[in-house]
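Taking it in order: structure first as structure tokens, then the write-up.
In the working numbering, the protein residues as written are 1 to 175.
Structure representation (structure tokens):
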């Protein structure tokens, strides 16, 4: 899968304090198929190859959208970077990072570098700007906000996140 960094990139990010040790949070975010437990829009997360650079999995959302993830950076105990998209074309590059706040407190930070021109390519170029500004970027910011909340919830309660638990997002789910 290729990430075309020559196209315009738009970024969204979110961070959240998590009341668990950095080691426990790493164990969770590096666990295969963790999205099945922590992601409010994940219908199913399936691993093709796991662990380290070159790991690959598939994420099917509740609305039927299926995206493939390929891990391109893996820093044991600290975080990773992946590219995500359909088939061979990435629509985003995502960085997950753990920051230590104390022995028993962590911060999870997720940043997404989006390629709206790829994600919105089915729309006419003149329309993409409007969709990007008024729909795509706000929905992606909401998306990343709910994803970090899902990981916090599971890490602290050890109870799986339910569908749309932190709000509905039409780009990824159904009611």
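Cβ atoms here follow ideal geometry from the backbone N, Cα and C, with glycine treated the same way. Because the structure is a prediction, the values reported are computed rather than measured.
| field | residue 171 at chain C interface by Cβ criterion, 9 Å | value | No chain C appears in this structure, which consists of one protein chain only.
| Pick from 50, 8, 118, 28 that is closest to residue 153, judged by C-alpha positions | Residue 153 sits at position 153 when you count from the first residue of the chain shown. With distances taken between Cα atoms, residue 153 lies closest to 28.
| query | Would DSSP call residue 105 helix, strand or coil? | reply | Working through the chain shown from its first residue, we reach residue 105 at position 105. In this structure, residue 105 counts as strand in the three-state DSSP scheme.
| Is residue 172 helix, strand or coil when you go by DSSP? | The residue labelled residue 172 in the question sits at position 172 within the chain shown. Coil at residue 172, not helix or strand.
| field | Residues of its chain near residue 174, where Cβ-Cβ distance is below 8 Å and the 5 sequence neighbours each way are ignored | value | The count along the chain shown starts at 1 and reaches residue 174 at position 174. 62, 63.
| message | Which complete beta strand (DSSP E) runs does the segment 4-41 hold, if anything under 3 residues is left out? | response | 10-18
| residue 80 bridges to which residues according to DSSP? | Residue numbering aside, residue 80 sits at position 80 when the chain shown is read from its first letter. Residue 80 is bridged to 74, 96.
| query | With a Cβ-Cβ cutoff of 9 Å, do residue 97 and residue 85 count as a contact? | reply | Translated into positions along the chain shown, residue 97 becomes position 97. Translated into positions along the chain shown, residue 85 becomes position 85. Contact flag unset, no.
| What did DSSP end up calling residue 123 once you bin it into helix, strand or coil? | The residue labelled residue 123 in the question sits at position 123 within the chain shown. In the structure shown, residue 123 sits in coil (DSSP, three-state: anything other than H, G, I, E or B).
| field | Beta-bridge partners of residue 47, as assigned by DSSP | value | Taking the chain shown and counting its residues from 1, one reaches residue 47 at position 47. Per DSSP, 57.
| Since residue 140 is in the alpha helix (DSSP H), which residue starts that stretch and which ends it? | The count along the chain shown starts at 1 and reaches residue 140 at position 140. First-last of the alpha helix (DSSP H) with residue 140: 137-157.
| field | residue 147 and residue 40 closer than 9 Å at C-beta | value | Locating residue 147 in the chain shown gives position 147, where the first residue counts as 1. Locating residue 40 in the chain shown gives position 40, where the first residue counts as 1. Yes, the Cβ-Cβ distance between residue 147 and residue 40 is below 9 Å.
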